[in-house]
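> Heads up: the sequence shown at position 130 corresponds to 130 in the UniProt record's numbering, and the numbers run straight through without jumps.
Encoded as structure tokens, here's the structure I'll be asking about.
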Amino acid sequence: MQTSTTEPNLGILTTLIQNTMTHEASVRIKAEQDLKEMERQPFYVALLLRYISDASMRSEHRLMVVVFLKNLVKKDWDVNLILRPEDKELIKQGVVELLFSTSDTKIQDVLSEIITIISEFDFYKNWTSLLPYLVNQLRTNSSNFETVRGVLFTCHSLFKKYREQSKTDEIEDELIYIMKEFADPMFHTFQGFVSSLSQTTNANDLKLIFTCINLLLEIFYSLNWVDIPEYFEEHVAEYSSMFNTILNYDNPALDNNLIEEPGLLDEAKRLVCQSINLYLEKYDEIFLPYVEIFATSVWQLLSKLDSKMKYDAVVSKSIEFLTLVSRSEKYGIFKDALPQICDNIIIPNISLREEDEIIFAEEPIEYIRRDIEGSDTESRRRSAQELIKCLSIYYEKEIADNFIQKIQTLLQKNDWKSRDAAIFLVTCISVKASIQRKGATLVSQYVDVMNFLSTQIIPQLQASSHPIIQADSIKFICTFRQHLPKDSFPVIFPLTIQLLYSYEPVVQTYAAWCIERLLVVREENGKPRFTQQDVFPFAEKLLQGLFHALDNTEENEYVMKAIMRSTAVLKEQMKPIMPAYISKITEVLGQVCKNPSNPKFNHYLFESYATVIKFNRDYISEFEASLFPPFQTILTSGIEEFTPYVFQLISQLLSIRQPPLPQTYVGLFPNFLSAHLWESEGNIPGLVAYVATFITKAPQELAKNNQLQQVLGLFQSLVMSKTKDYHGFRILDSLISTVPYDQLSVYMVEIFKILFTRLQKKKTGQFVRCLIIFFSNFVVKYGAKALFQTMNQIQQGIFSSLAKVVWESSLKTISGKIEKKVCAVALTQILFQNSDLIQTAADTWKMLLDELVSFLEGVDKAEEEEEVFDDDETVLHTERGLTGGYKVTFTKLSFAAMGIEDPVKEVQNSKQYLAHNISNFVSQLDPQQVQFVTSLIRSNPTSAQRLYEYMQSNGLNPSFLQ
């Protein structure tokens with residue numbers, strides 16, 4: 001490697017490296033700054049490469065330098081602010097040469113990372129020398145384990161990007177190139193290692209061999225993920241033979257004698273199972289001839305592995321293979337082996353281990369995450385459960401019969417671990433279909449779940465059972481909640497409440513989780529199965545228990561969610577316990593304000609406020625007294641995570657206040673117009689809700705201190721944004737609904753110009769929908785004539801061209817029951833309460849009428865398909881948006897949402913309204929005009945027929961349409 005670096009530069013770099021590790025801040029900062037400046041020097045890249053290659057330098061310093069190089073490549077390779085083309089070529093050449101000239105594996109691994117980063121941008125077309133060079137190293141140094149490992153590690157890093165990729169022309173082109181260069185040497189290298197196993201006895205050599213075999217298996221998986229390459233298809237027999245050899249290979253020298261960490265051979269067997277699982281799942285036609293021999297090998301492998309944690313991954317992958325076989329064409333090979341599968345594979349792998357007990361007691365959050373949230377997707381238990389599920393596809397009765405006998409045997413042992421296994425097995429063989437939101441939706445006909453519930457589950461809740469059995473029992477109830485009869489509630493609910501006082505956090509959490517899930521169970525008609533009347537007798541004990549659990553677990557989101565759900569179900573029945581509830585929930589808010597750390601918990605906390613406010617308006621003064629002090633703390637302290645919630649709740653409180661408003665709200669209004677509050681996007685929805693609500697409650701305040709102009713400024717800023725325009729329309733609609741036209745008229749032309757500019761420059765579907773609703777609100781408030789007059793001040797006759805851009809084809813996208821009605825009523829008024837349009841733009845009039853009829857037919861269809869239930873607000877729709885980390889964004893409080901005021905309450909039926917308007921309109925025309933209108937309507941036979949039906953069904957004379 002030729003560089004222009006001189007010896008003093010190496011010394012300078014060494015000094016800088018040493019100084020970056022000093023405890024003296026000034027020296028360290030100066031060294032970091034000097035290194036930063038050195039990055040831009042033309043000699044920098046060559047200096048780094050020289051330093052890495054110099055074996056006389058300390059290894060930890062060389063490692064730091066190679067990390068410097070990696071970070072430089074990572075931040076600048078595709079940006080080109082620092083690295084020049086000649087630097088890039090020097091790096092490409094240097095890192096590959098260094099990879100095979102250094103023996104330090106840590107440095108090798110970082111060099112491989114650098115190659116991988118570069119390859120993301122340059123491989124293969126801008127770095128055609130890389131793969132041939134690696135292949136040459138593999139061929140010429142086949143007996144040098146370190147070189148081979150370096151090549152394979154680098155190739156693994158290069159190729160793993162193809163996992164989870166979709167097939168595209170670009171990806172396919174890359175894989176064809178890779179297979180052409182690499183497939184054959186890879187195969188022969190693999191073959192050489194596997195064939196050497198029978199002759200190798202030295203433990204160190206075996207470890208080196210399996211290190212390389214494992215990298216080859218990783219590469220095999222990566223190259224087969226997108227599609228099976230032709231080379232692998234042609235050599236499937238040879239690879240199957242090698243894979244089978246690895247599965248059946250045993251050597252005590254490779255046992256690392258650890259309990260938790262798998263050895264190299266364990267990892268190799270896992271990787272083999274990973275690849276054969278891929279083949280059976282994606283390329284079954286090619287792989288089916290080899291399934292039986294692998295099934296035998298996997299079965300034998302499972303029979304040898306005990307319950308040590310080190311084997312968990314390979315056991316899980318092995319069971320996954322049997323699961324895939326059980327749902328493939330080869331499922332018949334298990335027909336006579338079901339009892340053995342039950343005894344030798346499933347039961348040993350569902351039994352709780354000491355480690356599980358430790359996690360239950362000492363790491364409750366981790367236990368819950370695995371068990372409730374399903375993070376243990378590759379655990380032994382989860383794999384065994386999936387195997388039972390798939391075996392039951394073809395052998396449901398046989399599986400049920402087999403396991404029912406085993407379950408009885410386990411229950412008779414009368415120890416808690418056997419009972420745990422029994423409960424788990426009953427769940428496995430009973431659930432045929434489930435979804436997280438509802439639990440089990442389809443249950444096996446061969447298992448009497450309700451009998452097991454009454455004879456085995458409820459007695460365990462009534463007794464002082466082992467905490468894990470209590471948790472199991474609660475989970476069983478929760479799993480089968482859709483199948484619980486209504487009369488079971490008075491038995492199950494108080495038992496679950498009692499477990500909120502358990503000393504085990506897992507049991508408390510499961511109890512809260514179960515309570516919350518029971519309260520959202522619905523009948524087939526969508527109504528809640530367990531209602532306010534069912535819950536009220538337990539209300540006080542329920543909330544006391546939940547708050548006890550809350551005090552004994554740290555920011556437990558399941559408990560907080562159960563509190564929220566309980567208040568949502570109890571609604572106004574919270575009144576008897578409201579003072580105690582407000583006191584406690586405010587105490588909780590004060591605590592979390594000190595250190596917001598759990599977004600889900602905090603969301604449910606604020607949602608709990610929103611529920612009681614929504615259903616208990618009589619307590620408005622108490623809510624204000626308890627909430628405003630912590631709200632002031634949140635706003636003045638700048639607790640950004642909570643400010644979006646604060647604005648929503650203040651808006652909700654304002655919405656239930658009747659005029660005249662207390663000075664508190666009036667005083668907040670000018671403060672909430674301050675520009676700095678609107679800089680955070682998370683604040684905007686809540687602020688908009690407050691401003692819009694305040695306008696409707698106290699429009700007279702707008703005349704003070706130039707506040708109307710400030711509000712219009714906010715509207716303009718919001719409406720010009722593609723992501724925030726609907727907030728601007730909400731403010732505008734509140735002005736239209738409340739402020740008299742004579743006060744707004746001076747601004748109206750400018751408002752319309754702003755809207756037309758946005759429509760012309762940045763038209764979006766969302767904007768057009770909002771615009772239709774705004775025009776509709778304008779018409780039903782001020783009349784169609786005012787709409788035409790305002791538009792004509794901008795450009796005479798502009799409505800006709802605007803109608804084509806706005807209403808045509810976009811009217812049908814309007815959603816919301818009230819919004820649809822307002823749009824239908826407004827368009828009816830435009831068409832039939834003003835004759836200007838039909839006289840000046842008959843084609844536009846006809847188009848709008850056709851759109852209106854089509855829209856009304858669509859409204860009926862949509863309402864038939866919608867499932868709307870009186871209590872639907874008790875189901876949150878925002879939960880999926882909550883994440884485990886904080887970002888100051890808006891998360892909607894479902895219960896704080898304010899209903900839309902209906903500006904046309906007097907209209908009960910839009911079709912009837914249209915029919916009467918047509919009748920009135922036609923009655924005022926002379927015969928020639930009627931004939932003209934009729935000809936326009938009948939030019940669309942479908943619309944004409946629908947209008948005929950509307951009029952006839954409302955007792956009006958439609959004869960002019962015949």
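Glycine included, C-beta positions come from ideal geometry on N, C-alpha and C.
Source: prediction; values computed, not measured.
1) Which parts of the segment 308 to 373 are runs of the alpha helix (DSSP H), unbroken and 4 residues or longer, counting only runs that do not cross its ends?
2) Please report the distance separating the alpha-carbon of valine 45 from that of histidine 61.
3) Return helix, strand or coil for valine 431, following the three-state DSSP convention.
4) Would you kindly check if the distance between the Cβ of proline 599 and the Cβ of glutamate 572 is under 9 Å?
5) Does the segment 496 to 510 come close enough to the segment 432 to 451 to have 3 or more Cβ pairs within less than 8 Å?
6) Pick from Lys417, Tyr558, Thr20, Asp306: whose alpha carbon is nearest that of serine 351?
7) With a Cβ-Cβ cutoff of 9 Å, do leucine 673 and leucine 714 count as a contact?
8) Using alpha carbons as the reference points, say which of Thr633, Ser597, Ser583 lies closest to tyrosine 609.
9) How should asparagine 706 be labelled, buried or exposed, when 16 other C-beta atoms within 10 angstroms of its C-beta is the threshold for buried?
10) Secondary structure at alanine 440, three-state DSSP: helix, strand or coil?
11) Tell whether a beta-carbon distance below 9 Å holds between isoleucine 115 and tryptophan 77.
12) Taking the alpha-carbon positions, what's the aspartate 871 to glycine 545 distance?
13) Less than 7 Å between C-beta atoms, sequence neighbours within five positions excluded: which residues of the same chain meet that for threonine 147?
14) Given a cut-off of 9 Å, decide if lysine 722 and glutamate 681 are closer than it, judged by their beta-carbon atoms.
15) If glutamine 462 sits next to leucine 495, beta carbons under 8 Å apart, how far is it from one beta carbon to the other, in whole angstroms?
16) Given this structure, state the Cα-to-Cα distance separating leucine 288 from lysine 330, to the nearest angstrom.
17) Please determine, among Glu24, Ala31, Val27, the residue with the shortest C-alpha to C-alpha distance to residue 999.
18) According to DSSP, simplified to helix, strand and coil, what is arginine 139?
19) List the whole-angstrom C-beta distance separating leucine 83 from valine 95, where the pair is believed to meet the contact cut-off of C-beta under 8 Å.
20) On a Cα-Cα basis, can you pick out the residue from Leu925, Ser854, Glu524, Asp926 that is closest to residue 965?
21) Glutamate 659 by DSSP, collapsed to three states: which one?
22) Give the secondary structure of arginine 419 by DSSP, where H, G and I count as helix, E and B as strand, and everything else as coil.
23) Grouping DSSP H, G and I as helix and E and B as strand, with all else coil, what is proline 528?
24) Does DSSP put leucine 956 in a helix, a strand or coil?
25) By how many angstroms is the C-alpha of glutamate 622 removed from the C-alpha of valine 520?
26) Does serine 939 get closer than 9 Å to chain C when you measure Cβ to Cβ?
27) Going by the CB atoms, is the gap between methionine 186 and leucine 216 shorter than 9 Å?
28) Looking at the structure shown, is arginine 381 part of a helix, part of a strand, or coil, going by DSSP?
29) May I ask you to check if the CB of valine 646 is nearer than 8 Å to at least one heavy atom of the ligand PLP?
30) When DSSP labels each residue in this structure, what does arginine 938 get in the three-state scheme?
31) Looking only at C-alpha atoms, which of Val559, Lys892, Cys428 sits nearest to tyrosine 645?
32) Which term fits alanine 824, buried or exposed, when burial requires 16 or more other beta carbons within 10 angstroms of its beta carbon?
33) Using the C-alpha atoms, what's the distance from asparagine 683 back to lysine 438?
34) Identify the residues that DSSP records as bridge partners of arginine 522: which are they?
35) So, is histidine 188 buried or exposed, given that buried needs 16 or more other C-beta atoms within 10 angstroms?
36) Ordered along the chain, which non-local residues of its own chain (more than five positions away) have a Cβ less than 6 Å from that of residue 1024?
With the structure as the only source:
1) 312 to 326, 347 to 350, 354 to 362, 364 to 371
2) Histidine 61 has its alpha-carbon roughly 16 Å from the corresponding atom of valine 45.
3) strand
4) no
5) no
6) Nearest of Lys417, Tyr558, Thr20, Asp306 to serine 351, Cα basis: Lys417.
7) yes
8) Ser583
9) Exposed, by the Cβ-count rule.
10) strand
11) Not closer than 9 Å, so no.
12) Residue placement at aspartate 871 is flagged as unreliable, the pLDDT there being 40, under the threshold of 50; the coordinate-derived value follows with that caveat. Roughly 25 Å between the two C-alpha positions.
13) Phe100, Gln137, Asn141
14) no
15) 7 Å
16) 8 Å
17) Here the chain comprises residues numbered 1 to 962, so residue 999 is not present and cannot be evaluated.
18) helix
19) Actually they are not in contact, since the Cβ atoms of leucine 83 and valine 95 sit about 13 Å apart, beyond 8 Å.
20) As shown, the chain starts at 1 and ends at 962. That puts residue 965 outside it, with no answer to give.
21) Checking the sequence shown, residue 659 turns out to be proline, not glutamate. It is coil, neither helix nor strand.
22) helix
23) strand
24) Reduced to three states, the DSSP call for leucine 956 is coil.
25) 29 Å
26) Although the question refers to chain C, the structure presented lacks it and comprises just one protein chain.
27) yes
28) Look at arginine 381 here: in three-state DSSP terms it is helix.
29) What this structure holds is no ligand at all, so the ligand PLP is not there to describe.
30) In the displayed model, arginine 938 falls within a helix according to three-state DSSP.
31) Lys892
32) buried
33) Linking lysine 438 to asparagine 683 through their CA atoms gives a straight-line distance of about 34 Å.
34) Pro528
35) exposed
36) For the chain, the structure presents residues 1 to 962; residue 1024 sits outside this window and is missing.
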